[in-house]
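2 protein chains.
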Amino acid sequence: MNWIKIDEAAKMTGITKRAIRYYEEIGLIQPPERSDGQVRLYTEEDIEQLKRVVDAKEVLGFSLQELQHFLSIKGRVLEHKVQYETSRDKTFKQSELEEIAAGLKEQRDMLEEKMEKMKSFQNELKDLIQKVESLLKV
Amino acid sequence: MNWIKIDEAAKMTGITKRAIRYYEEIGLIQPPERSDGQVRLYTEEDIEQLKRVVDAKEVLGFSLQELQHFLSIKGRVLEHKVQYETSRDKTFKQSELEEIAAGLKEQRDMLEEKMEKMKSFQNELKDLIQKVESLLKV
DNA sequence: AGTTACGTTGACGTTAACGTAATCATAAAT
DNA sequence: ATTTATGATTACGTTAACGTCAACGTAACT
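Top to bottom, those sequences are chains Y and R. Numbered by full-length UniProt numbering, the letters in the first sequence go through residues 1 to 138 in order. Numbered by full-length UniProt numbering, the letters in the second sequence go through residues 1 to 138 in order.
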């Protein structure tokens, strides 16, 4: 397999090595494999996961805590899904699922609102650019 | 005029009094009027400005510094525009304007990228919601 | 007029998200 | 076989964005 060390991982994701270790420390990403000498070894998949975490943080403005919450919810939902599909085993609690669904919908609506506001800001920006360019074209 | 004190201002904007004073302290908003007794008195317009600052911070994830930068650029552009329209006075420096335009365009592109990523996250969310609901509908 | 509520200015405290430096072990290059 | 580079751990430092508390003045209610 093509193992990736932390320095390259940092370059691939655009964050620092410290940040990567920190994310691992607070449980935001899975601890990767280790070599004999204790060296962290990442797979391509690990890197993809990291990138998605970074995106979510930087783009969505989620705090790392919020991200953790979301990721754990996602994990649990997918688990349940698999359980259901394979064994028809309804081990989940109905009320719990309903709670999860409510939380997700709230997130979805908040995102929607954010995007609306971004659009209006985007328009303001474009307007400003127009003004500046009209000043330049004289 | 209908003056608004800081406590009501806080309630209207959804942030704390401390945050409002802090924003004033770092120059993010204009210091409002004061009564004789040194009491801060805000106008409706002040509140609107505050709301927009809060939005930009929370929605766009701008740091207060970035916001300051943007607001100052905006102010200067509008100044120039007015100058130009009224006096045909080309007191601005061409190079400076070009720099500003470049900066704004960069912001615009970054926003575009952010919105794209938000959309894909939005889709992921909707997908998860679907999955949860399908689990519920059994 | 007295009490209660609200406002003001310091000033120190707090938390998240890392930065940085020291010290030691291992891996790579020469 | 040494340098040299890279990685790990530990621990203290830093910055932004406020929170909180103290001490005080002023408004508002009764």
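Quick reminder that beta carbons are idealized off the backbone N, C-alpha and C, glycines included.
Asked                                                                                                                                        : Found
Scan the stretch 38-68 of chain R for residues whose Cβ lies nearer than 8 Å to a Cβ of chain Y and list them as they occur along the chain. : D55, A56, E58, V59, L60 and G61
I need the boundaries of the alpha helix (DSSP H) containing I47(Y), first residue and last residue.                                         : E44 to L60
Starting from the beta carbon of A9(R), find every residue of chain Y whose beta carbon is closer than 7 Å, and list them in chain order.    : In chain order: nothing, as chain Y lies at least about 21 Å away.
When burial is assigned at 16 or more other CB atoms within 10 Å of the CB, is residue 175(Y) buried or exposed?                             : This structure leaves residue 175(Y) out entirely; chain Y is present only between 1 and 138.
Starting from the beta carbon of E133(Y), find every residue of chain R whose beta carbon is closer than 8 Å, and list them in chain order.  : A101
Cβ of residue 140(R) within 8 Å of Cβ of R108(Y)?                                                                                            : Outside the displayed span of chain R (1 to 138) sits residue 140(R), for which this structure offers no information.
Tell me which same chain residues have a C-beta within less than 7 Å of the C-beta of S35(Y), skipping the five on either side of it?        : L41
How should A102(Y) be labelled, buried or exposed, when 16 other C-beta atoms within 10 angstroms of its C-beta is the threshold for buried? : exposed
For M12(R), would you say it is in contact with chain Y, using Cβ-to-Cβ distances shorter than 8 Å as the test?                              : no
Any chance the CB of K126(Y) is under 7 Å from a heavy atom of the ligand GTP?                                                               : Questions concerning the ligand GTP fall outside what the structure shown contains, since it holds no ligand whatsoever.
Compare the C-alpha of I26(R) against each of L125(R), S63(R) and K137(R) and name the closest.                                              : S63(R)
Would you tell me roughly how many angstroms separate the C-alpha atoms of M115(R) and K105(R), rounded to the nearest one?                  : 15 Å
Just how far apart, CA to CA, sit S134(Y) and S120(Y)?                                                                                       : 21 Å
Give me the Cα-Cα distance between L78(Y) and V132(R), rounded to the nearest whole angstrom.                                                : 9 Å
Would you decide whether V53(R) is buried or exposed? Buried here means 16 or more other CB atoms lie within 10 Å of its CB.                 : buried
Determine the DSSP secondary structure at L41(Y), reduced to helix, strand or coil.                                                          : strand
For E33(Y), which beta-bridge partners are listed by DSSP?                                                                                   : L41(Y)
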